[in-house]
Amino acid sequence: MEKNVMAVVNGVEILESDVDRFTELMGNRALPYKSPEGKKQLCEELVKQELIIQDCYNRKLDESEAFVKEINEIKRSILAKHFLSELFDDIKASDEEIKEYYEENKNLFMSKYSFKAKHILVESEEKANELKNLCENGESFEELAMKHSMCPSKEVGGDLGEFSQGQMVLEFENACIDAEVGKVTEPVKTQFGYHLIKLESKTDPKELSLEEVRDEIEKTIIKAKEQIAYVQKMDALMKDSKIERAY
4 MEKNVMAVVN GVEILESDVD RFTELMGNRA LPYKSPEGKK QLCEELVKQE LIIQDCYNRK
64 LDESEAFVKE INEIKRSILA KHFLSELFDD IKASDEEIKE YYEENKNLFM SKYSFKAKHI
124 LVESEEKANE LKNLCENGES FEELAMKHSM CPSKEVGGDL GEFSQGQMVL EFENACIDAE
184 VGKVTEPVKT QFGYHLIKLE SKTDPKELSL EEVRDEIEKT IIKAKEQIAY VQKMDALMKD
244 SKIERAY
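Mapping the sequence shown onto my numbering, position 122 (from 1) lands on 125, and the numbers just tick up by one.
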């Protein structure tokens, strides 16, 4: 393969492929350097880096105590990473294990409630009760929201659109779970004030299929197996080693 040399620094070649790798490492930040002129700018950065490295070697900084210590620390970290990689390399979750886990834990794999609702947010419970009475006497919930609500949703009649369990504060969410579709709730207190909620629709949780949760189960099983493998390996290493503790 022909190599395209872009620069030579004291005999060390900097290739176009080196610049390309540098570009890949930069990710999105490399977009302004995709042009031929941009490549030249990046090549200049590699020239500077090479000069720094060569100067370090010339002054034997690679032999300094601090450098050697840091390199050894990095080696230990990489070795530990490879230890785990090798230990976990053959750990898999079979189809049978995944299916068995699903059947035994179906209660864990449920979808969340989803809602469509409107609300009115006011400062006091007294004001909320006053507006609820107006609703019960035939006044439009949406018009009352536009006139009285403190929430930006007032601009659309208090409409919050669709949301699912976990997206709202707990008190609001629990009120939606208990609410009857089409009716206005009693005032609901949250950290923001008092809400009147008009539930438009509610979808109850349903059991998720095996295919929907397969990846999650596979990760759970593999993680559990990895933990067991780690504990067993460490027990074996400690059993076969002489360890002296000073505490």
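Even for Gly, the Cβ is constructed at its ideal location relative to N, Cα and C. Fair warning: this is a prediction, and the values are worked out from it, not measured in the lab.
{"Check": "If you run the structure through DSSP and keep just helix, strand and coil, what is residue 193?", "Outcome": "strand"}
{"Check": "Kindly indicate which three-state DSSP category residue 164 falls into: helix, strand or coil?", "Outcome": "strand"}
{"Check": "Within the same chain, show all residues whose beta-carbon is closer than 7 Å to that of residue 64, passing over the 5 residues directly before and after it, in chain order.", "Outcome": "70"}
{"Check": "Tell me the start and end of each unbroken beta strand (DSSP E) in the segment 86-122 that is at least 3 residues and wholly inside, in chain order.", "Outcome": "none"}
{"Check": "For residue 167 and residue 118, what's the separation of their Cα atoms in angstroms?", "Outcome": "6 Å"}
{"Check": "Kindly identify the DSSP beta-bridge partner or partners of residue 270.", "Outcome": "Not covered by the structure: residue 270. The range shown for the chain is 4 to 250."}
{"Check": "Say the cut is 6 Å; is the CB of residue 112 nearer than that to a heavy atom of the ligand ADP?", "Outcome": "No copy of the ligand ADP occurs in the structure displayed, which carries no ligand at all."}
{"Check": "Whose C-alpha, out of 91, 66, 44 and 54, is nearest the C-alpha of residue 224?", "Outcome": "91"}
{"Check": "I'd like the list of long-range same chain contacts for residue 180, defined as Cβ closer than 7 Å, with 5 residues on each side in sequence excluded.", "Outcome": "116"}
{"Check": "Taking the alpha-carbon positions, what's the residue 129 to residue 122 distance?", "Outcome": "16 Å"}
{"Check": "Quick one: what's got a C-beta closer than 8 Å to residue 190's C-beta in the same chain, skipping five residues either side?", "Outcome": "128, 131, 132, 135, 197, 198 and 199"}
{"Check": "Would the beta-carbon of residue 120 fall within 7 Å of that of residue 163?", "Outcome": "yes"}
{"Check": "Given residue 185, which residues of its chain have a CB within under 6 Å of its CB, disregarding the five upstream and five downstream residues?", "Outcome": "none"}
{"Check": "Would you give the residue range spanned by the alpha helix (DSSP H) that residue 46 belongs to?", "Outcome": "39-61"}
{"Check": "In this structure, does DSSP put residue 216 in helix, strand or coil?", "Outcome": "helix"}
{"Check": "Using the rule of at least 16 other Cβ atoms within 10 Å of the residue's Cβ for burial, across every protein chain shown, is residue 176 buried or exposed?", "Outcome": "buried"}
{"Check": "Residue 187 by DSSP, collapsed to three states: which one?", "Outcome": "strand"}
{"Check": "If you measure between the beta carbons of residue 25 and residue 54, is that distance less than 7 Å?", "Outcome": "no"}
{"Check": "What's the call for residue 125, buried or exposed, on a 16-neighbour Cβ count within 10 Å?", "Outcome": "buried"}
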